[in-house]
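Undergrad: Note that this note's numbering numbers the sequence shown so that position 204 is 208, with each residue one more than the last. Have a look at the structure that comes next, please.
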Amino acid sequence: MFNPLAIAWHFLERQLRPLPVPDTSYAGRTVIVTGANGGLGLEAARHFARLGAARVVLACRSTERGEAAKADIEQSLTTGTTTSTPTVVEVWPLDLCSFDSVRAFCRRADAELDRLDVLLANAAMLIIDGAQMAEGYEMQVTTNVISTFLMVFMLLPLMRRTAARWNVEAAVTVVVSEAHFWTRFVQKDQPRIFECFRPGGAMQERYGTTKLLDMLMAQELAARLDAASAAGASPIVVNTANPGLCKSSLFRNLFLVGQFLLAVGTAILGRTSEQGSRALMAAVAGGRESHGKYVDSGRVDEPSAFVLSEEGKAAQKKAWGELMEILEGIEPGVTAVVTQVPS
Ligand SMILES: NC(=O)c1ccc[n+]([C@@H]2O[C@H](COP(=O)([O-])OP(=O)(O)OC[C@H]3O[C@@H](n4cnc5c(N)ncnc54)[C@H](OP(=O)(O)O)[C@@H]3O)[C@@H](O)[C@H]2O)c1
Numbered sequence: 005m006f007n008p009l010a011i012a013w014h015f016l017e018r019q020l021r022p023l024p025v026p027d028t029s030y031a032g033r034t035v036i037v038t039g040a041n042g043g044l045g046l047e048a049a050r051h052f053a054r055l056g057a058a059r060v061v062l063a064c065r066s067t068e069r070g071e072a073a074k075a076d077i078e079q080s081l082t083t084g085t086t087t088s089t090p091t092v093v094e095v096w097p098l099d100l101c102s103f104d105s106v107r108a109f110c111r112r113a114d115a116e117l118d119r120l121d122v123l124l125a126n127a128a129m130l131i132i133d134g135a136q137m138a139e140g141y142e143m144q145v146t147t148n149v150i151s152t153f154l155m156v157f158m159l160l161p162l163m164r165r166t167a168a169r170w171n172v173e174a175a176v177t178v179v180v181s182e183a184h185f186w187t188r189f190v191q192k193d194q195p196r197i198f199e200c201f202r203p204g205g206a207m208q209e210r211y212g213t214t215k216l217l218d219m220l221m222a223q224e225l226a227a228r229l230d231a232a233s234a235a236g237a238s239p240i241v242v243n244t245a246n247p248g249l250c251k252s253s254l255f256r257n258l259f260l261v262g263q264f265l266l267a268v269g270t271a272i273l274g275r276t277s278e279q280g281s282r283a284l285m286a287a288v289a290g291g292r293e294s295h296g297k298y299v300d301s302g303r304v305d306e307p308s309a310f311v312l313s314e315e316g317k318a319a320q321k322k323a324w325g326e327l328m329e330i331l332e333g334i335e336p337g338v339t340a341v342v343t344q345v346p347s
């Protein structure tokens with residue numbers, strides 16, 4: 005039953021949680037942060053560099069904005085770094101609206117990176133114009149879900165090699181949102197969920213639906229990676245992270261009234277992008293206890309009742325099957341990483 009007081013309490017309790025400054029060392033590690041030219045992604049990348057990562061790849065759709073972010077991080081590193089070995093910060097182009105761009109990015113990573121310890125899948129968009137399409141699907145679905153998981157799948161072999169060669173746990177964190185609690189996800193009852201995201205679909209709950217799909221797909225991926233691991237426990241931890249309400253550019257495409265209300269809300273309660281990035285860092289550092297879990301404002305937490313329900317689990321399997329077909333259509337063989345047990 006819809007209970008506004010319970011919703012408000014749930015939000016406030018998490019929003020007011022203190023988030024300590026991250027202190028896990030990333031010395032020697034290689035990290036990719038998508039959407040790292042601004043907002044939470046930039047601040048997370050800055051933390052990784054400060055915490056000694058050997059290489060931080062800023063995956064950005066605008067190289068110019070990415071270079072500005074790199075200069076900004078390097079400037080702050082002159083004062084705040086925790087190790088003497090300098091971090092190499094690089095800007096690589098990645099546009100999640102284009103499958104070609106995702107494929108080129110991942111192939112480059114596979115060829116040029118000798119290891120990949122962390123993939124922070126942070127880039128996402130919030131739009132309300134359903135006429136904006138990318139690769140045949142509404143642009144937000146392509147960006148936040150299909151391309152995000154295409155990238156995750158294409159990078160998993162490199163992460164698996166990293167874990168085996170250096171005997172480390174690698175981490176994939178997909179950034180989600182409280183909004184996953186508020187969507188009715190009506191598409192789950194249609195014969196093909198992703199076909200509902202072709203032109204002409206209703207947009208009211210679309211952002212929340214993409215984030216719910218991210219939650220379900222990450223949960224399923226975590227379980228499948230364990231099943232496909234010879235040891236029964238994947239050396240790659242997969243989790244989701246909700247940073248809470250934060251000041252950033254995310255809401256720039258909303259109607260003016262929505263922008264105004266969110267500006268008021270974030271002015272009163274919102275975290276800064278840096279504070280929000282601490283929630284992402286906490287999830288990345290969450291380790292095995294966070295595998296397949298939802299990390300809300302820095303702690304492993306319960307996702308929405310729908311995610312935990314039998315109905316949610318059935319929707320998860322259905323969406324997973326469809327997404328695997330879509331990914332195989334884009335990059336044949338890409339899903340084998342979760343179906344083959346390594347020898
Ligand atoms: N802010 C909040 O209150 C809040 C709350 C819950 C969850 N989140 C999540 O936190 C994450 C970071 O968002 P933010 O608040 O930092 O928003 P933001 O400032 O708008 O940052 C989003 C980043 O994603 C990039 N991006 C968007 N579409 C892309 C595409 N097609 N290809 C490549 N990059 C793309 C953006 O690049 P451009 O600069 O080129 O657009 C930007 O770098 C998102 O996953 C968001 O859903 C935010």
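For each residue, glycine too, the CB sits at the ideal point set by N, CA and C. Bear in mind the structure is a predicted one, so any value in this text is a computation, not a measurement.
Spatial neighbours of THR177 within its chain, please: CB distance less than 6 Å, with the 5 preceding and 5 following residues excluded, ordered by chain position.
TA: Position 173 of the sequence shown, counted from the start, is the residue given in the question as residue 177. Around THR177: LEU124, ASN243, ALA245, ALA287 and VAL288.
Undergrad: Please name the residue, chosen from ALA340, ALA48 and LYS192, that lies closest to LYS322 on a Cα-to-Cα basis.
TA: Counted from its first residue, the sequence shown places residue 322 at position 318. Checked all of ALA340, ALA48 and LYS192; the closest Cα to LYS322 is LYS192.
Undergrad: When we look at the beta-carbon of THR187 and count the other beta-carbons within 10 Å, is it buried (16 or more) or exposed?
TA: Counting from 1 along the sequence shown, the entry for residue 187 is found at position 183. Label assigned to THR187: buried.
Undergrad: Determine the burial state of GLU139: buried for a count of at least 16 other Cβ atoms within 10 Å of its Cβ, exposed for fewer.
TA: Within the sequence shown, the letter at position 135 stands for residue 139. The residue is buried, with at least 16 neighbouring Cβ atoms inside 10 Å.
Undergrad: Which of helix, strand or coil does DSSP assign to GLU306?
TA: In the sequence shown, the residue the question calls residue 306 occupies position 302. Correct three-state label for GLU306: coil.
Undergrad: Beta-carbon within less than 8 Å of PRO239's beta-carbon, same chain only, minus the 5 sequence neighbours each way: which residues are those?
TA: As a working note, residue 239 is residue 235 in the sequence shown. Here the set comprises ARG164, ALA167, ALA168, VAL172, GLU173, ALA174 and SER233.
Undergrad: Count the other CB atoms, across all protein chains shown, that sit within 10 Å of the CB of PHE153; report buried if there are 16 or more and exposed otherwise.
TA: Walking along the sequence shown from the start, residue 153 turns up at place 149. Buried, by the Cβ-count rule.
Undergrad: Assuming contact is defined by CB atoms lying nearer than 8 Å, are LYS74 and VAL92 in contact in what I supplied?
TA: Taking the first residue of the sequence shown as 1, we reach residue 74 at position 70. Taking the first residue of the sequence shown as 1, we reach residue 92 at position 88. Not a contact, by the Cβ cut-off of 8 Å.
Undergrad: Would you mind working out which of ARG59, GLY325, ARG107 and ALA10 sits nearest VAL35, comparing C-alpha positions?
TA: In the sequence shown, the residue the question calls residue 35 occupies position 31. Here the closest residue by C-alpha is ARG59.
Undergrad: Taking 6 Å as the limit between beta carbons, can you name the residues of its chain near GLY280, skipping five residues before and five after?
TA: Walking along the sequence shown from the start, residue 280 turns up at place 276. The residues are LEU44, PRO247 and CYS250.
Undergrad: Going by DSSP, what residues sit across from THR34 in a beta bridge?
TA: Counting from 1 along the sequence shown, the entry for residue 34 is found at position 30. Answer by DSSP bridge pairing, in chain order: ARG59.
Undergrad: State the Cα-Cα distance for the pair VAL304 and PHE15, rounded to the nearest angstrom.
TA: In the sequence shown, residue 304 corresponds to position 300, counting from 1. In the sequence shown, residue 15 corresponds to position 11, counting from 1. Computed Cα separation, rounded: 15 Å.
Undergrad: On the DSSP letters alone, give me the boundaries of the beta strand (DSSP E) that ASP300 sits inside.
TA: On the sequence shown, position 296 is the one that residue 300 refers to. Taken as a continuous stretch (DSSP letters only), the beta strand (DSSP E) holding ASP300 covers 298–300.
Undergrad: Tell me which residues share the same chain as ALA226 and place their Cβ nearer than 6 Å to its Cβ, disregarding the 5 neighbours each side in the sequence.
TA: Here residue 226 corresponds to residue number 222 of the sequence shown, with the count starting at 1. VAL242, HIS295 and GLY296, listed in sequence order.
Undergrad: In this structure, how does DSSP classify PRO239 when only helix, strand and coil are distinguished?
TA: Translated into the one-based positions of the sequence shown, residue 239 becomes position 235. If DSSP states are grouped into helix, strand and coil, PRO239 belongs with coil.
Undergrad: Terminal residues of the continuous alpha helix (DSSP H) containing ALA127?
TA: By 1-based counting over the sequence shown, the position of residue 127 is 123. It is not in any alpha helix (DSSP H) - ALA127 carries neither H nor E in the DSSP assignment.
Undergrad: Please state the DSSP three-state secondary structure of THR91.
TA: Residue mapping note: residue 91 aligns to position 87 of the sequence shown, counting from 1. If DSSP states are grouped into helix, strand and coil, THR91 belongs with coil.
Undergrad: Find out if the Cβ-Cβ distance for the pair MET221, TRP324 is shorter than 8 Å.
TA: Position 217 of the sequence shown, counting from 1, holds the residue named residue 221. Position 320 of the sequence shown, counting from 1, holds the residue named residue 324. Going by C-beta atoms, MET221 is nearer than 8 Å to TRP324.
Undergrad: Comparing C-alpha positions only, which one of ARG228, ALA283, THR276 and GLY333 sits nearest to GLN320?
TA: Counting from one through the sequence shown, the residue named residue 320 turns up at place 316. Of ARG228, ALA283, THR276 and GLY333, the residue nearest in Cα terms is ARG228.
Undergrad: Does the distance between the C-beta of VAL242 and the nearest non-hydrogen atom of ligand 1 fall short of 7 Å?
TA: To locate residue 242, count along the sequence shown from 1; it is residue 238. No; taking the cut-off as 7 Å, the Cβ of VAL242 has no heavy atom of ligand 1 nearer than that.
Undergrad: Would you check if the segment 93–113 and the segment 61–72 touch, i.e. whether three or more CB-CB distances between them fall below 8 Å?
TA: At 8 Å Cβ cutoff, the stretches touch.
Undergrad: Please determine, among ASP133, GLN344 and GLY134, the residue with the shortest C-alpha to C-alpha distance to ALA235.
TA: For this step, residue 235 is matched to residue 231 along the sequence shown. Closest option to ALA235, Cα to Cα, is GLN344.
Undergrad: For the beta strand (DSSP E) that SER175 lies in, which residues bound it at each end?
TA: On the sequence shown, position 171 is the one that residue 175 refers to. Position check: residue 175 holds Ala in this sequence, whereas Ser was assumed. That run of the beta strand (DSSP E) goes 174–179.
Undergrad: Is GLY2 near ligand 1, in the sense that its beta carbon is under 7 Å from a heavy atom of that ligand?
TA: Outside the displayed range of the chain (5 to 347) lies residue 2, so it cannot be described from this structure.
Undergrad: Have a look at the DSSP bridge pairing and note the partners of PRO97.
TA: For this step, residue 97 is matched to residue 93 along the sequence shown. In the DSSP output, where bridge partners are listed per residue, PRO97 has CYS64.
Undergrad: Kindly provide the ranges of any beta strand (DSSP E) runs that are 3 or more residues long and lie completely inside the segment 210–296, ordered along the chain.
TA: If we require 3 residues or more, the beta strand (DSSP E) runs fully inside the segment 210–296 come out as 240–246.
Undergrad: Between ARG282, GLU326 and GLU293, which lies nearest to GLY302 when the distance is taken from Cα to Cα?
TA: Your numbering for residue 302 matches position 298 in the sequence shown. The residue with the shortest Cα to Cα distance from GLY302 is ARG282.
Undergrad: Have a look at THR82, THR38, ALA57 and PRO90 and flag the residue whose alpha-carbon is nearest the alpha-carbon of GLY70.
TA: Taking the sequence shown and counting its residues from 1, one reaches residue 70 at position 66. Residue THR38 is the option with its Cα nearest to GLY70.
Undergrad: How is MET207 classed by DSSP in three states: helix, strand or coil?
TA: Locating residue 207 in the sequence shown gives position 203, counting from the first residue. Correct three-state label for MET207: coil.
Undergrad: Between PHE103 and SER151, how many whole angstroms is the CB-CB distance? I'm expecting something under 8 Å.
TA: Looking up residue 103 in the sequence shown gives position 99. Looking up residue 151 in the sequence shown gives position 147. PHE103 to SER151, Cβ: 7 Å. Contact.
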